[in-house]
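S.K.: In my numbering, the protein residues as written are 1 to 824. Here a beta-carbon is modelled for each residue, glycine too, at the ideal position from N, C-alpha and C. Computed from a predicted structure; not experimentally measured.
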RNA sequence: GGGCGGGUGGUGAAAUGGAAAACACGAUAGAUUUAAAAUCUAUUGGUCGCAAGGCCUUGAGGGUUCAAGUCCCUCCCUGCCCACCA
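(1) Could you tell me if residue 715 is buried or exposed, where buried requires 16 or more neighbouring beta carbons within 10 angstroms of its beta carbon?
(2) What is the DSSP secondary structure of residue 562, reduced to helix, strand or coil?
(3) Quick one: which unbroken beta strand (DSSP E) runs of 3-plus residues sit fully inside the region 563-641? Chain order, please.
(4) From the DSSP output, which residues share a beta bridge with residue 35?
(5) Do residue 506 and residue 129 count as a contact pair if the criterion is CB distance below 9 Å?
(6) Which of helix, strand or coil does DSSP assign to residue 362?
(7) If you reduce the DSSP assignment to three classes, tell me which class residue 770 lands in.
(8) Cα separation between residue 802 and residue 771?
(9) When you compare the region 623-643 with the region 729-743, are there three or more beta-carbon pairs, one atom per stretch, that lie closer than 8 Å?
(10) Just list the alpha helix (DSSP H) runs in the region 307-379, keeping only unbroken ones of 4 residues or longer that don't cross its boundaries, in chain order.
(11) Taking the straight line between their C-alpha atoms, what separation do you get for residue 578 and residue 619?
(12) With distances taken between CB atoms, is the gap from residue 339 to residue 364 smaller than 9 Å?
(13) Helix, strand or coil for residue 415? Go by DSSP, reduced to three states.
(14) Going by other Cβ atoms of all chains shown within 10 Å of its Cβ, with 16 needed for buried, is residue 1 buried or exposed?
(15) Is residue 194 near residue 425, with beta carbons less than 9 Å apart?
(16) Work out the CA separation of residue 662 and residue 656 for me, nearest whole Å.
(17) Classify residue 487 as buried or exposed, calling it buried when 16 or more other Cβ atoms lie within 10 Å of its own Cβ.
(18) Which residue wins for smallest C-alpha separation from residue 310, given the options 22, 324, 320, 304?
(19) What does a CB cutoff of less than 8 Å around residue 527 pick up in its chain, not counting 5 residues either side in sequence?
(20) What residue range is occupied by the uninterrupted beta strand (DSSP E) comprising residue 192?
(21) Mark residue 375 as exposed unless 16 or more other C-beta atoms lie within 10 angstroms of its C-beta, in which case mark it buried.
(22) What is the DSSP secondary structure of residue 535, counted as helix, strand or coil?
(23) What are the boundary residues of the beta strand (DSSP E) that includes residue 114?
(24) Report the three-state DSSP secondary structure of residue 431 (helix, strand or coil).
(25) Helix or strand or just coil, what does DSSP make of residue 143?
(26) Using only CA atoms, which one of 326, 329, 481, 341 lies nearest to residue 315?
(27) Counting only the same chain and skipping the five closest in sequence on each side, list residues whose C-beta sits under 6 Å from that of residue 643.
(28) Are the region 588-607 and the region 112-119 touching, with three or more C-beta to C-beta distances below 8 Å?
(29) State the start and end residues of the unbroken alpha helix (DSSP H) segment that holds residue 463.
(30) Given a cut-off of 9 Å on the beta-carbon distance, is the pair residue 25 and residue 81 in contact?
(31) Measuring only the C-alpha atoms, how far is residue 617 from residue 490?
(32) Tell me which residues share the same chain as residue 192 and place their Cβ nearer than 7 Å to its Cβ, disregarding the 5 neighbours each side in the sequence.
(33) Between the beta-carbon of residue 358 and the beta-carbon of residue 370, is there less than 9 Å?
(34) Assuming residue 420 and residue 197 are in contact, meaning their beta carbons sit under 8 Å apart, how far apart are those beta carbons, in whole angstroms?
(35) Pairing CB atoms from the region 569-585 with CB atoms from the region 530-548, are three or more of them under 8 Å?
(36) To the nearest angstrom, how far is it from the Cα of residue 509 to the Cα of residue 615?
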């Protein structure tokens with residue numbers, strides 16, 4: 001497209017500079033009257049932003065500008081989630097230090113925001129990889145540690161034996177290292193955890209407080225935390241004083257437990273197989289199971305594998321001996337890492353029992369057709385009538401669940417408990433590019449937290465990035481060797497760094513008082529501005545980031561650092577932009593760069609199309625053709641405003657409205673209402689924009705009918721309304737047009753239009769008439785017509801007469817002001 | 001495997017249980033132009049019909065209702081997320 005429909009290339013830089021000079025987006029946080037904290041999830045600094053990334057910022061910018069026009073004191077800060085694996089990988093590959101590449105990327109991104117016309121209060125910028133920020137990430141770690149909520153235990157990691165390094169899940173491809181294709185092993189390492197499970201009940205319960213969150217996000221969080229009520233049972237190991245603990249939600253099936261299955265990583269494995277025949281072979285088999293990643297093992301399609309330990313436990317209910325197997329489908333991370341296997345009533349146990357020829361005892365019978373263990377083709381998992389269960393026989397399984405639990409608690413075989421699927425948050429990473437964990441290991445004093453006054457523990461800059469090997473921090477002797485803060489003796493620093501999710505779980509607090517260097521944030525100021533009024537980001541963060549942020553907020557609340565216990569009041573999760581049906585990503589080679597598009601059509605066009613593409617909470621397919629459509633629409637608006645401006649002198653008084661003008665007047669006020677409702681009721685930008693398009697079309701219709709209409713006050717009102725309603729979406733061209741029609745100050749300092757109810761109403765309406773639910777005719781009637789009069793009118797209609805001919809009317813349904821349905 | 005979404009024209013989509021397909025893209029024809037672009041006008045779910053008009057149509061099949069894209073049940077297809085990517 002060679003021709004410019006409007007001079008966007010001069011308009012856009014002009015207004016971007018204007019907003020900066022006017023400090024339009026700089027907010028005084030001392031002024032809390034009418035505060036509105038509009039927050040977008042801060043991004044990982046990536047070099048090449050595509051239009052899919054743009055959606056998040058464009059939505060956020062439109063919301064911020066709209067709220068500004070509604071008279072709010074809007075805070076929209078931006079920052080960067082700047083630690084992370086990609087920068088470190090790039091350093092290994094290209095030898096560029098992560099800090100340099102990260103800060104470069106940040107610069108590029110800020111230029112892009114600027115070109116989009118996406119504005120922030122940059123005085124509040126927060127960059128998580130800078131010591132001024134991560135000092136306080138470390139401080140939060142220490143606070144958690146002091147409360148016993150940061151602790152160390154062994155956990156399994158993906159380990160590449162060739163590279164001698166820990167692999168992220170995404171670096172594991174087909175159970176092999178992505179770099180050298182060596183099969184990945186599962187290795188247990190000492191790891192740092194945050195005890196988020198301590199907060200599981202509150203995180204679950206308080207979801208009900210999040211009334212302004214999307215239902216689907218709340219459901220995902222509920223399922224993720226996943227509480228289940230059940231009974232924990234102690235099984236005595238035969239010929240030993242040891243017990244194996246199992247948790248079950250189906251204690252009603254206890255009499256049908258015919259074997260026990262434990263995870264290959266279970267701590268009791270070695271005790272159990274001590275002295276077993278063929279122990280070496282057993283160990284080899286168990287190791288083989290351990291070497292398969294947990295994701296793969298939890299797939300139900302994977303063939304069940306197991307080995308018999310040679311030992312038995314006693315079923316406390318039936319007294320039967322149950323052989324103990326080590327099985328690949330049992331995960332140490334879930335429950336106790338051991339299950340009582342009930343083949344008749346659990347499909348996975350059933351598969352395993354079939355394979356290893358273990359007894360299948362029916363204890364819950366199907367009331368519809370009696371079950372036979374020997375002939376079953378699959379497990380029966382529904383409720384039923386108790387069988388083979390001693391004193392509980394004949395009871396409903398539902399009732400037996402409670403009775404058996406009572407019985408077990410009385411006998412001391414086990415106890416009721418609520419377990420959560422949620423596991424503690426593993427926060428240590430064997431990586432360089434993250435906030436160092438502020439811990440020192442001393443030969444005399446043990447694990448010693450770094451005192452607050454010694455923060456931050458600086459990440460050393462001068463390290464070697466070898467293409468393979470351990471975290472560069474281990475080799476940085478100046479960093480590792482230190483003095484014990486307690487006894488002053490020689491000590492070694494922790495070389496693990498923190499998960500970047502720790503950095504991002506509190507950044508929204510830092511924006512309020514970003515410069516403070518004696519505390520992470522000012523509590524009083526934070527309490528005035530939070531919870532965040534509107535949080536906007538991708539649905540891919542629905543679980544982890546949002547859950548971690550809620551956890552950290554609750555913790556900070558408990559130690560008195562903040563006065564609220566939920567950080568985000570309203571949450572909006574936008575869908576992603578796809579191209580050719582799949583998510584835009586560099587690896588798939590289907591990204592669309594905004595730069596060329598902005599060069600050709602301007603930022604306003606790209607913004608308008610991005611908002612018009614579809615409902616913002618849903619995924620949307622990008623089309624370059626659609627961008628042209630948005631461009632042509634803006635050209636159409638520009639020309640309309642030009643016409644109105646040029647005829648501005650001969651404005652006719654409003655008193656003599658023609659019928660067409662009265663129609664346009666109604667349309668103006670309906671549009672104002674529609675756009676306002678769409679923005680207030682869930683950011684329906686797409687339908688808001690289409691209604692503005694209709695208003696523009698009707699304005700042209702008026703000119704088409706009557707050239708003199710250009711000077712009409714109603715048309716002028718229409719043009720002004722279009723400009724102001726479009727302003728949040730296409731800010732540059734709106735400012736320009738606002739100025740062209742003679743307004744003196746920024747459109748974002750003007751107040752949002754208010755619709756006039758009286759101007760909206762029409763005195764006559766068209767009412768559809770259905771016969772047996774099918775549309776057959778329409779009648780025109782006064783708006784306030786009485787039901788009787790309407791009935792008369794409808795029955796006199798020729799089409800109605802034709803369609804009802806000869807049939808008796810059974811029912812006459814009138815939906816006031818909407819529709820009539822006649823049943824014959 | 002588990003969890004969460006989605007399925008409506010050639011395309012993106014719209015529709016508090018009340019006129020399915022608004023708005024836009026694309027397409028076709030015409031106007032304008034030396035020509036193109038841009039602009040303007042008309043048509044555009046399928047089907048039968050010269051027309052008037054009829055019949056069909058929201059992944060498939062059932063149900064509730066005067067009325068179902070929307071509510072309920074069964075099934076099919078598809079996208080996304082799953083703890084060391086952020």
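M.R.: So, from the listed chains and residues:
(1) buried
(2) coil
(3) 571-574, 577-579
(4) 73
(5) no
(6) coil
(7) strand
(8) 11 Å
(9) yes
(10) 347-356
(11) 7 Å
(12) no
(13) strand
(14) Confidence in residue 1 is poor, its pLDDT being 40 and thus under 50, which makes the residue's placement unreliable; the coordinate value appears in the next sentence. By the neighbour-count rule (16 or more Cβ atoms within 10 Å), residue 1 is not buried but exposed.
(15) yes
(16) 10 Å
(17) exposed
(18) 324
(19) 562, 563, 564
(20) 185-194
(21) exposed
(22) strand
(23) Counting along the chain, residue 114 falls outside any beta strand (DSSP E), though it belongs to the alpha helix (DSSP H) covering 98-116.
(24) coil
(25) helix
(26) 341
(27) 710
(28) yes
(29) Segment: none, residue 463 is in no alpha helix (DSSP H) and carries neither H nor E.
(30) no
(31) 55 Å
(32) 150, 152, 427, 428, 437, 496
(33) no
(34) 6 Å
(35) yes
(36) 30 Å
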